[in-house]
Amino acid sequence: MNGNGTRQTSYSTSSRDSRYGAGLQAQIQPSAKVLLDGYRGSLVYDDYSHMSLTNKQYSRSSTLLNPNDPVSMHLLMETAMGDSQQYEVLSFEEADEMKKELAMLTSRIEFTKRKLILESKLRDAALSLNRLSTNKGRDVSGEGSPISPKRHRGSFMGNRSSGGGDLLSKTGSEMAAIIRKCEELAQELWKLEQRAQKLHRALLEHTAGVLQMTHKGYLSKVPPGTPETMHGYSRGSSRLDGGVDEFDERSWYRSHDTLDEFGAGFGSERRQGGSRLISQPPAERAPQIEESARQTDASVATAKRGDLPGSISQKESHLADLRTEHEKMKRALETTDRDAKATEIQLALALERLEAAKQDAILREEQKGMDNDNALKVEKAARKEAEERFFAELQSKEEEISELATKLTDLRDEGEIAGFKLQGKLQESEERLRELSAQLNDVVEAGARFEATEAELKQTAEDKTKEAERIHQEMKGLEGEVVRLHTEVTVARAELDGAYGTRAQRAAEVAANPAIQKELDDLSDRNNLLVEEITALKAQGSSANSGNSELIERVELLQRELAETIGEYEIMTKSTIEFEREREQLEATIDSLRDRCENLDSQLSDEKVRWLGMKSPGSGGRDSLVPSNTSIMVLKNEFKKMMRETRAENMKAIRAEQEERRKLEALVRTLKRDQLPTKSGLSHSMTIH
Numbered sequence: 001m002n003g004n005g006t007r008q009t010s011y012s013t014s015s016r017d018s019r020y021g022a023g024l025q026a027q028i029q030p031s032a033k034v035l036l037d038g039y040r041g042s043l044v045y046d047d048y049s050h051m052s053l054t055n056k057q058y059s060r061s062s063t064l065l066n067p068n069d070p071v072s073m074h075l076l077m078e079t080a081m082g083d084s085q086q087y088e089v090l091s092f093e094e095a096d097e098m099k100k101e102l103a104m105l106t107s108r109i110e111f112t113k114r115k116l117i118l119e120s121k122l123r124d125a126a127l128s129l130n131r132l133s134t135n136k137g138r139d140v141s142g143e144g145s146p147i148s149p150k151r152h153r154g155s156f157m158g159n160r161s162s163g164g165g166d167l168l169s170k171t172g173s174e175m176a177a178i179i180r181k182c183e184e185l186a187q188e189l190w191k192l193e194q195r196a197q198k199l200h201r202a203l204l205e206h207t208a209g210v211l212q213m214t215h216k217g218y219l220s221k222v223p224p225g226t227p228e229t230m231h232g233y234s235r236g237s238s239r240l241d242g243g244v245d246e247f248d249e250r251s252w253y254r255s256h257d258t259l260d261e262f263g264a265g266f267g268s269e270r271r272q273g274g275s276r277l278i279s280q281p282p283a284e285r286a287p288q289i290e291e292s293a294r295q296t297d298a299s300v301a302t303a304k305r306g307d308l309p310g311s312i313s314q315k316e317s318h319l320a321d322l323r324t325e326h327e328k329m330k331r332a333l334e335t336t337d338r339d340a341k342a343t344e345i346q347l348a349l350a351l352e353r354l355e356a357a358k359q360d361a362i363l364r365e366e367q368k369g370m371d372n373d374n375a376l377k378v379e380k381a382a383r384k385e386a387e388e389r390f391f392a393e394l395q396s397k398e399e400e401i402s403e404l405a406t407k408l409t410d411l412r413d414e415g416e417i418a419g420f421k422l423q424g425k426l427q428e429s430e431e432r433l434r435e436l437s438a439q440l441n442d443v444v445e446a447g448a449r450f451e452a453t454e455a456e457l458k459q460t461a462e463d464k465t466k467e468a469e470r471i472h473q474e475m476k477g478l479e480g481e482v483v484r485l486h487t488e489v490t491v492a493r494a495e496l497d498g499a500y501g502t503r504a505q506r507a508a509e510v511a512a513n514p515a516i517q518k519e520l521d522d523l524s525d526r527n528n529l530l531v532e533e534i535t536a537l538k539a540q541g542s543s544a545n546s547g548n549s550e551l552i553e554r555v556e557l558l559q560r561e562l563a564e565t566i567g568e569y570e571i572m573t574k575s576t577i578e579f580e581r582e583r584e585q586l587e588a589t590i591d592s593l594r595d596r597c598e599n600l601d602s603q604l605s606d607e608k609v610r611w612l613g614m615k616s617p618g619s620g621g622r623d624s625l626v627p628s629n630t631s632i633m634v635l636k637n638e639f640k641k642m643m644r645e646t647r648a649e650n651m652k653a654i655r656a657e658q659e660e661r662r663k664l665e666a667l668v669r670t671l672k673r674d675q676l677p678t679k680s681g682l683s684h685s686m687t688i689h
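So the sequence shown is numbered by full-length UniProt numbering: it starts at 1 and just counts up by one.
Okay, structure coming up:
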């Protein structure tokens, strides 16, 4: 217990692993799910300051401990020294290595914990997304229920939810991957924490062993008279080692006034000085402690010379108190020195870490340079390959050029041969041309005889051509009119689709305004007139000159165009009839839906009124509903009356709007009919001609 026994100070790696690794190996590692559930409540950043070597905010004592009680402090010291006898002490290099490893493990633990926090957030988000997708798929699959409006709307979507299974499977696979990653991080964090706890325990045992070895055994070997013997734990002056001082019975017969005044004044001064010393830095504290020691010795000497011999024991007790205060100051100074040394050690560790970071940066730069070299090599190889490929292509192109030059020479030779042949044929053609020229002269003479007849036929053909052009222009005008009518039909259909009138009202409107049908009849009559005119022109052309093929072809072309126009007009008429039929169907659907909406609205209003009195806060039960039936019925009738009046006003406004729209449409049709006589006059003039 005195620290003089033999202690094993060697600390090898095998012994360290065998002692501190046994507990870790014997401890069974929990499953990944258990670890993840355990870390879930502590994912907020945990303070590992109890394992950090750089943290100096240790709790020095308990709130129940009185450090001024010598008996309690002596018992604690003896217990701690006894408990730390079997602790192994490391060398300075081993302790420094373990501290570095512990600092590295602490940083890795913090990094792993932050990563686990992020992955846990991703896992929670994936779980929420999976629940949302599951609920959405359940809502879409239950579209047969007539209660849920979402399911009812989903029935109109068709098979748009067919891809929901793929989305659910994809989300499930991603969620499984995230959960697996969280479990792996939890296992890694558990292993790191176990290793850090093992190292922390080894360092604590090393520190306790060093303090146990050097606490009393080291001081007992120091010769008396040195400053170490004034520490307060020496055998000659310490009351902790020598036991409790004997009681002096003579103190019962002495006066306490002088002793109280002496002790109070001097003790307060010493306490103030001690507090000032503790708050000062170590460099300024040492000379003040020496000055305080000299003042204490001088005060003791003065007290011994001036007081009576009977107060020696009291002065000795006071001297012991002063020595205790002095010892506390020295301990505070030693604590500060230890803190300064620890700070220097931390600074050295920080410098070593900085140097390691620099070396790491240098290695990264070298690796980057190697990567750049590799990239240059790859680029050179690719460039060389591209050059080889380019040269191969160039050689193949040169071979193709040589082949083309050979073919060009052959073609030139063939061209010369063909030229000679063509010259022979040209001479033959010239002879034939001379013969044909003689024949042409004969034909010209014969043609002169037919010039008069040809002039007459030409004049007739020009007249017919002008008439055909006029007919063509009128047909173009008719085509434009058909397009305009088609546009009007489309606009009228769109306006009818946007109207709010009933089907009976629209049927009455069509019966009252048959202008469209009249226009269609007029167009049919005009087409018949055009057909008759073309037939007459064809008959006149055939009777005038049966040999005028050009005029006949022109007439046939006009007839074909007219037939195509008539066919298109029939198609447009059929499509107009189909559009009218579809419009009637849509109007019927709109009317039924409007009636249904009105019925539902009235039912909803009735339900609101019916539940108005049942859900009132003042209703006390079944008996309270019976007296209020009359008032509820009155409110219900008033509400129905108000709703009917509102609907009647809305219907009046809609009817007025429809009436205004009908007037405008009638005015537009009148203006269009006024523009039609000009074109009708043109067709009439063509018929008379």
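Each residue gets a CB set at the ideal place from its N, CA and C atoms; glycine is no exception. Note that the structure is a prediction, hence the values are computed from the model and not measured.
If you check the CB distance, H200 and L90 do not come in under 7 Å. The DSSP-derived three-state label of V668 is helix.
Of R583, E533 and L478, the smallest CA-CA separation from T565 is found for L478.
Cα atoms of H74 and A80: separation of roughly 10 Å, rounded to the nearest angstrom. In the displayed model, Q85 falls within coil according to three-state DSSP, outside both helix and strand. DSSP places T343 within a helical segment (H, G or I) once states are collapsed to three. Take the alpha-carbon of A386 and the one of V378: they are about 12 Å apart.
For D124, the three-state secondary structure derived from DSSP is helix. Each residue's CA atom was taken as its position, placing E532 and E580 some 32 Å apart.
Rounded to whole angstroms, the Cβ separation of I178 and E119 is 6 Å, and the two are in contact under 8 Å. Taking the CA atoms as reference points, R655 sits about 21 Å from R669. Distances from the CA of K100 to each of E568, A348 and E388 were compared; the closest alpha carbon is that of A348. Ranked by how close their Cα comes to the Cα of Q194, the residues L35, L436 and E451 have L35 in first place. Cα atoms of T214 and A332: separation of roughly 18 Å, rounded to the nearest angstrom.
Cα atoms of K672 and D601: separation of roughly 44 Å, rounded to the nearest angstrom. In summary, R123 is buried, with 16 or more beta-carbon neighbours lying within 10 Å of its beta-carbon over all protein chains present. In this model, K115 and E325 are separated by some 52 Å (Cα to Cα). Taking a C-beta distance under 7 Å as the contact criterion, M98 and L204 do not qualify as a contact pair. Each of A588, Q187, A208 and T336 was checked against the Cα of Y87, and the nearest Cα belongs to A208. With respect to the 7 Å criterion, L192 and I109 are classified as neighbours on the basis of their beta carbons. The three-state secondary structure of Q194, taken from DSSP, is helix.
In this model, E393 and Q423 are separated by some 44 Å (Cα to Cα).
In the three-state reduction of the DSSP assignment, Q29 falls in the coil class, being assigned neither a helical nor a strand state.
Counting of Cβ neighbours within 10 angstroms places R338 among the exposed residues, the total staying below 16. A straight-line Cα-Cα distance of about 57 Å links H472 and L404.
Taking 7 Å as the cut-off, the beta carbon of S84 is found closer than this to the beta carbon of Q212.
Per DSSP, reduced to three states, the secondary structure at N68 is coil, with no helix or strand assignment. The shortest C-alpha to C-alpha distance from T646 to any of E598, E660, V634 and E657 is the one to E598. For I534, same chain residues with a beta-carbon under 8 Å away, outside a window of 5 residues either side, are I471, V555, L558, Q559 and L562 in chain order. Around the C-beta of L440, fewer than 16 other C-beta atoms lie within 10 Å, and the residue is accordingly described as exposed.
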